[in-house]
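Numbering (full-length UniProt numbering), first residue to last: 1 to 223. No residue lacks a Cβ here, since even glycine has one placed at the ideal position from N, Cα and C. If you're wondering where the values come from, they're calculated on a predicted model, not measured in any experiment. This report refers to the structure that appears directly beneath it.
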Amino acid sequence: RLPRPLSVDDCDALMKADLGATPAAAASDSRRERRRELRRVRDRALAELLYGAGIRVGELVGLDVRDVDLRAREVRVLGKGSKERVVPLPQLCHQALSRWIELRTGPGILGEPLFISLRPRRESSPRRLADREVRRILKERGLSVGIQDRVHPHRVRHSYATHLLDMGADLREIQELLGHASLSTTQKYTAVSAEHLRQVYDRAHPRAHPQARADPRDRDRRK
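And the structure:
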């Protein structure tokens, strides 16, 4: 069963959640504040990439810096069955990733994991961020902006597909973007989108509530 997609407004709030903002009076050159700023930028970038490209959490944590082509505004993803696909990056996602990669300095950066753990450790080589850490980050961001139901990567991916469909994207195009082997898998989103449209109709259309707009003469005849 597909999870209920987030609204566009909820997704916008999720992207803008700022859990690691550095106080203005804090020393900007301290290690602690440096790590806090890195975490803030990293978490925004991974949230933007999950929603902006609709990739799976396993695909996200498997990315290396070299997989992101900032000039072409696209990311190369290795999906299920080792199938590679290229997904375009929307502007806000591109900006967030550019900022994160800009902060990742040092030799050999292209071969490093795109998203790394920022916990202090003895080893000098960066550790790839784990699935569970991405799930925790999304959950915390969702709670911080008041989203009631739990936010997780799979739900963000469904929201990406549903919003594309609602805006008129072709089902086969969405299939390619999501990396689905079968169109029947992508077609599940049509049911989710149709249900969403029914809810909008029920809330907004005057003919969806006939009792509220009944002809007064009908009421008189029933008396």
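Buried is the label assigned to residue 159, since at least 16 other Cβ atoms lie within 10 Å of its Cβ. According to DSSP, residue 78 shares a beta bridge with 84. Residue 101 has no beta-bridge partner at all, per DSSP.
Under the criterion of beta carbons closer than 8 Å, residue 11 and residue 49 do not qualify as touching, at roughly 13 Å. Collapsing the DSSP output to three states places residue 113 in a strand. Within the same chain, 46, 57, 60, 61, 153 come within 7 Å of residue 134 by CB-CB distance, once the 5 residues on both sides are set aside.
Membership of residue 154 in the alpha helix (DSSP H) is indicated by the continuous run 153-166. Counting only the Cα atoms, residue 162 lies some 7 Å from residue 5.
When the beta-carbon positions are compared, residue 156 and residue 99 stay at least 8 Å from each other.
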